[in-house]
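Asker: Residue numbers for the sequence shown follow full-length UniProt numbering, beginning at 1 and rising by one.
Structure in structure tokens, see below.
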Amino acid sequence: MLYWINSGGPLMWLILAGGVIAMVIFFERLFHLHRAQIDIDDFFHGITTNLKHGNDLEAIAICDQTPGPAAHLVRTAILNRHEEKAALIRTVQQAGIKEVPRLERHTNLLITLAQILPMIGLLGTVLGLLSMLVMLQQGSPLAEIGDLAGGLWTALLTTAAGLMTGIPAYAGYHFLVNRVEAIAIDMEQISSEIIFFLTQSIPGDSNEPQ
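Next up, the structure:
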């Protein structure tokens, strides 16, 4: 393996470094999104049960102990429940807008790596072929097939490495995007449910902060 990396030249090390960065980003984001995606039905049931019994502080404590943007939006709604419905909707929406960039953090870098790593590999192959042609031109007019084949596979190493790192990075990016979209749907759903609950389901007197 080390022989192949060294045979690919400096660009091979650049591709390898990019592949490692892409892998770190993917697993860090995967862990973060896994924690952020909760069972919103069970969570919402626990919140509404406490609110129905007037346990606002307990409901807020549940939100604080629950990771992810959905819990943060519910907490924001509870803390601002005294506002008019339109104002409450705006407040929760603004909180949701702030949460989305946190979910998408570093994903732009991941897709950038997925796009440029194969291009770096192709560049390495082109440079390798040019170098091989120069050596052939300067050498014997009758070049041996073994020398040509050896130079060719060495030049193609960077393209192979670029594809082997770029394709998984590209697939990982779209996997993360799907997870972000799923969490965004949960955020929208639970925001609508908590706003409806706070403005419709609880009698007027219980709308006052506990």
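For each residue, glycine too, the CB sits at the ideal point set by N, CA and C.
Here the structure is a predicted model, which is why all the values come from computation and not from measurement.
1. Taking Cβ to Cβ, would you say Q189 is nearer than 8 Å to I47?
2. On a Cα-Cα basis, can you pick out the residue from G68, I78 and L73 that is closest to G54?
3. Less than 8 Å separating the beta-carbons of Q37 and G68?
4. Is L130 buried or exposed, if buried means 16 or more other CB atoms sit within 10 Å of its CB?
5. Can you tell which of A161, F196 and P101 has its C-alpha closest to the C-alpha of V177?
6. For the candidate residues T125, E104 and Q137, whose alpha-carbon lies nearest to that of M12?
7. Given this structure, state the Cα-to-Cα distance separating L109 from H174, to the nearest angstrom.
8. Let me confirm a value: L103 is counted as buried when at least 16 other C-beta atoms fall within 10 Å, else exposed. Which label applies?
Answerer: On the basis of the coordinates in this document:
1. The residue labelled residue 189 in the question sits at position 189 within the sequence shown. The residue labelled residue 47 in the question sits at position 47 within the sequence shown. Their beta carbons are not under 8 Å apart, which means Q189 does not touch I47 by this criterion.
2. Within the sequence shown, residue 54 is the residue found at index 54, counting from 1. If we check each option's Cα against that of G54, I78 comes out closest.
3. What you label residue 37 is simply residue 37 of the sequence shown in a count that begins at 1. What you label residue 68 is simply residue 68 of the sequence shown in a count that begins at 1. Yes. Within cutoff.
4. In the sequence shown, residue 130 corresponds to position 130, counting from 1. Exposed: under 16 other Cβ atoms inside 10 Å.
5. In the sequence shown, residue 177 corresponds to position 177, counting from 1. Of A161, F196 and P101, the residue nearest in Cα terms is P101.
6. For the purposes of this step, residue 12 is taken as the residue at position 12 of the sequence shown. Taking each of T125, E104 and Q137 in turn and checking the Cα distance to M12, the smallest one comes out for T125.
7. Residue 109 sits at position 109 when you count from the first residue of the sequence shown. Residue 174 sits at position 174 when you count from the first residue of the sequence shown. For L109 and H174, the distance between alpha carbons rounds to 13 Å.
8. For the purposes of this step, residue 103 is taken as the residue at position 103 of the sequence shown. When all chains shown are included, L103 counts as buried.
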